[in-house]
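Under our numbering, the residues of the sequence shown are numbered 2 to 253, in order.
The C-beta atom is built at its ideal place from N, Cα and C for all residues, glycine as well.
Some notes on the structure that comes next.
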Amino acid sequence: MDVSVQYLWLGNNKINSIDATSFSGQSSLKILDLSFNEIPSINEDFFSNFPMLTSLYIIDNNLTTFNPITNNSFGILNELGLRGNPFVCCTMKEFVDWTKTVSWEFFDGSCTDFNESTPILSFNTSTCIVPVDGRWSAWNNSTCSVTCGVGIVSSSRTCDSPLPSQGGKQCTGEANITTSCNLVDCPIDGGWSAWTNSTCSLTCGVGIVSSSRTCDSPLPSAGGKQCIGEANITTSCNLVDCPRPCRRSRKR
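Structure representation (structure tokens):
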């Protein structure tokens with residue numbers, strides 16, 4: 002496109018998007034007409050392409066907000082046509098306030114506030130109610146439900162930092178949760194195993210049986226007590242009496 006173009010009419014072309022690089026380099030452009038298209042939004046930086054722009058028309062598009070003044074893009078603009086867009090007044094407060102500082106040769110546009118259409122130049126932005134979304138407080142944690150072993154910590158928070166107001170959103174997420182906790186392991190006292198017995202030391206007569214057990218059912222841990230009692234004992238055993246030797250009788 003010729004960079005020396007001063008007048009550009011693009012109305013009724015079904016344009017549905019405009020970005021910051023559209024028509025870049027058109028520093029000589031004075032009049033831009035984008036009316037009767039389907040443009041839903043315009044990047045603020047788009048207008049910095051046109052330092053010489055005096056007349057802008059974006060009539061009958063789909064714009065709901067308009068804030069193209071971040072970089073003082075409209076230094077010499079004196080004609081602005083915005084009629085027929087579904088503007089929401091309080092989403093463009095900065096722009097509405099700015100329009101009242103310009104000596105317009107032509108301005109046409111209105112916005113909606115509480116379902117009522119109001120000329121942009123007449124709208125009082127001080128009436129805007131700004132929604133405040135709720136935010137969670139810090140978590141408030143209980144102590145662990147047990148002093149040893151696995152227990153539960155209950156945590157709670159409140160949607161009051163700040164509270165939602167003016168139609169702002171409630172907090173999302175859980176207000177109460179529980180998590181496991183384990184401060185220290187609980188002491189476990191040792192317990193004896195079953196006795197293990199040896200065989201009798203003799204096959205007949207009175208002998209000895211040795212019995213043993215271990216302190217591992219369970220093993221003591223985390224400061225638990227050792228088993229009490231003997232680990233080894235002996236008891237007598239007598240499977241059968243031993244046979245007695247025979248005595249021979251004397252002959253007379």
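- At the C-beta level, aspartate 190 and glycine 230 stay beyond 7 Å of one another.
- DSSP places glutamate 80 in the uninterrupted beta strand (DSSP E) bounded by 80 to 82.
- In this structure serine 127 is exposed. Its beta-carbon is surrounded by fewer than 16 other beta-carbon atoms within 10 angstroms.
- With distances taken between CA atoms, glutamine 7 lies nearest to Pro52 out of Pro52, Val131, Phe67.
- Distance from the CA of leucine 78 to the CA of phenylalanine 37, rounded to the nearest whole angstrom, comes to 21 Å.
- Under the three-state reduction of DSSP, isoleucine 121 is assigned to helix.
- Beta-bridge pairing by DSSP links serine 111 to Pro120.
- The residues Thr100, Lys101, Phe108, in chain order, have a CB closer than 7 Å to that of leucine 122 in the same chain once the five nearest residues on each side in sequence are set aside.
- In this structure serine 111 is buried. Its beta-carbon is surrounded by 16 or more other beta-carbon atoms within 10 angstroms.
- In this structure glutamate 80 is in contact with threonine 55, their Cβ atoms being roughly 6 Å apart against a cut-off of 8 Å.
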